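Residue numbers (my numbering): 1312 to 1633.
Don't be surprised by glycine CBs; every beta carbon is placed ideally from N, CA and C.
It should be emphasised that the depicted structure is a prediction, and the values quoted were computed from it without experimental measurement.
In what follows, a single structure is set out as C-alpha cells and then discussed.
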C-alpha cells in the first residue's frame, strides 16, 4: 500500500478511566464544571447505546456548543438512527439543534448493523417518548459543509460512527478541510480490532470513507479502542449515577446498566466507554496523552479490511496522534 505523505494530526490517546467515567457521571448529574469558552462541534453519530451516552454527555456539557447532529448508518440503520437521535434531542430539550439524516449506506459495501450489542432499537431496548423535535430537511454532509463555511476555523467535527458523512462532505467540498478546526473521532485501533482480529467496528463499516478522512489535510485525533478499553464504566459508577434522578439521568442509567450487564457476560469488569471518550477528549484534551504517527486504512485485505495501519517507528510523515 502506498503511504500518502499528508500533514495532519491523528491521535490515539490514553485516558484515565476513573476520570472518564466520573466526568460522564458528573455532567449527567448536572455537576457544573469550570466555565470555559464553549467549543463548537458537529456531532456525527450512529446511535447506538454508547452513542447515546456520548450524545447526552455532549448535550449536557457547558464546554461544548453542539451546532448540529448528523446521523450515519452503523450500529443501526440510517432510519433507526435518525429516530433515536431525534428522541434523544427531545429528551434533552434541545430541539434548537438541527438533526439531519446523512448517508443511507456505506460508500461501497453493505451495511452490517449491531443490534445484537445495542439492542433491537439501538438504545439498549429503552423506549423513549416520541420526539417533539423535527428532522432538518438538509442532507447531513451539506449541513456539515454549510456550518463549517459559516464559522471557519471554529467548528470541530466529532464523529463517533462510520465516517461516511464526513467523507461525503470532503468529497463534495474539499475547501472545508482547511476551515475545520479539528476532527476528534472514535474509531480505529493500533493493537487489534473488535469486529475481527484487525478492524474496529466504525472503520470496518466504511474503510474507504475512513481513508478519505484520515488522509485529508486537517488535524485529526483518533480516540481508538485502546482508550475505550481503559475507560470502563463499572458497577461503582453505575451506583453513583443511580443516586440522581431525572429524565436524562434515568435514561442514561438504564443504558449504562444494560451495557455493564452485557459486558459482564463477556468477562469485562465494566462497559468500555468508546464514544463517550471521544466527547471527553473534545471537552478536555488534557485528559489524554498523544503520540503522533502515520495511519492508513486497509481497504483491500482479505483478512484485514478496515484495519488502521499505524507506522509506529515514525519513518514516514505523521498524520495521526496516538
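Among the options, the one whose alpha carbon lies nearest that of residue i
i, options, result
"residue 1569", "1363, 1542, 1459, 1466", "1363"
"residue 1397", "1385, 1366, 1615", "1366"
"residue 1385", "1567, 1524, 1433", "1433"
"residue 1526", "1509, 1378, 1429, 1474", "1474"
"residue 1356", "1611, 1476, 1558", "1476"
"residue 1494", "1447, 1430, 1465", "1465"
"residue 1399", "1521, 1558, 1571", "1558"
"residue 1636", "1436, 1372, 1404", "The question about residue 1636 has no answer here: the residues shown for the chain are numbered 1312 through 1633."
"residue 1484", "1597, 1523, 1437, 1595", "1523"
"residue 1382", "1509, 1448, 1368", "1448"
"residue 1519", "1611, 1408, 1406", "1611"
"residue 1541", "1486, 1564, 1487, 1598", "1598"
"residue 1586", "1560, 1538, 1487, 1578", "1538"
"residue 1431", "1391, 1596, 1372, 1533", "1391"
For residue i, three-class secondary structure by DSSP
i, result
"residue 1405", "coil"
"residue 1616", "coil"
"residue 1456", "helix"
"residue 1382", "strand"
"residue 1451", "helix"
"residue 1415", "coil"
"residue 1595", "coil"
"residue 1634", "Only positions 1312 to 1633 of the chain appear in this structure, which leaves residue 1634 out of reach."
"residue 1434", "coil"
"residue 1446", "coil"
"residue 1523", "helix"
"residue 1539", "helix"
"residue 1334", "Note that residue 1334 scores a pLDDT of 45, beneath 50, so its modelled location is shaky; the value from the coordinates is reported in the next line. Three-state result, residue 1334: helix."
"residue 1514", "helix"
"residue 1555", "coil"
"residue 1254", "The question about residue 1254 has no answer, for the chain in this structure spans 1312 to 1633."
"residue 1530", "strand"
"residue 1550", "helix"
"residue 1501", "coil"
"residue 1493", "strand"
Within 8 Å, strictly: CB atoms of residue i and residue j
i, j, result
"residue 1463", "residue 1413", "no"
"residue 1562", "residue 1370", "no"
"residue 1621", "residue 1501", "yes"
"residue 1272", "residue 1350", "In this structure the chain extends from 1312 to 1633, so residue 1272 is not present and cannot be described."
"residue 1471", "residue 1424", "no"
"residue 1619", "residue 1506", "no"
"residue 1353", "residue 1479", "no"
"residue 1446", "residue 1393", "yes"
"residue 1498", "residue 1553", "no"
"residue 1510", "residue 1616", "yes"
"residue 1566", "residue 1377", "no"
"residue 1590", "residue 1368", "yes"
Separation of residue j from residue i, as counted between CA atoms
i, j, result
"residue 1419", "residue 1602", "31 Å"
"residue 1496", "residue 1380", "14 Å"
"residue 1609", "residue 1517", "11 Å"
"residue 1583", "residue 1544", "6 Å"
"residue 1614", "residue 1503", "12 Å"
"residue 1571", "residue 1435", "11 Å"
"residue 1574", "residue 1555", "23 Å"
"residue 1605", "residue 1440", "45 Å"
"residue 1623", "residue 1581", "29 Å"
"residue 1429", "residue 1360", "5 Å"
"residue 1461", "residue 1576", "47 Å"
"residue 1410", "residue 1374", "20 Å"
"residue 1588", "residue 1389", "23 Å"
"residue 1491", "residue 1481", "11 Å"
"residue 1348", "residue 1407", "20 Å"
"residue 1426", "residue 1395", "13 Å"
"residue 1486", "residue 1600", "30 Å"
"residue 1533", "residue 1358", "19 Å"
Own chain, CB closer than 8 Å to residue i, minus 5 neighbours either side, in chain order
i, result
"residue 1489", "1528, 1529"
"residue 1467", "1350, 1351, 1352, 1353, 1491, 1492, 1493, 1494, 1495, 1593"
"residue 1549", "1564, 1567, 1568, 1571"
"residue 1546", "1571, 1581"
"residue 1579", "1543"
"residue 1450", "1411, 1412, 1413"
Residue i: CB within 7 Å of a non-hydrogen atom of the ligand SAM
i, result
"residue 1391", "The ligand SAM is absent from the structure shown, which contains no ligand whatsoever."
Proximal residues to residue i (C-beta, below 6 Å), its chain only, five neighbours per side dropped
i, result
"residue 1422", "1384, 1416"
"residue 1521", "1474, 1514, 1608"
"residue 1442", "1397, 1398, 1401"
"residue 1564", "1552, 1553"
"residue 1344", "Note that residue 1344 has pLDDT 47, beneath the 50 cutoff, so the model's placement of it is unreliable and no number is given."
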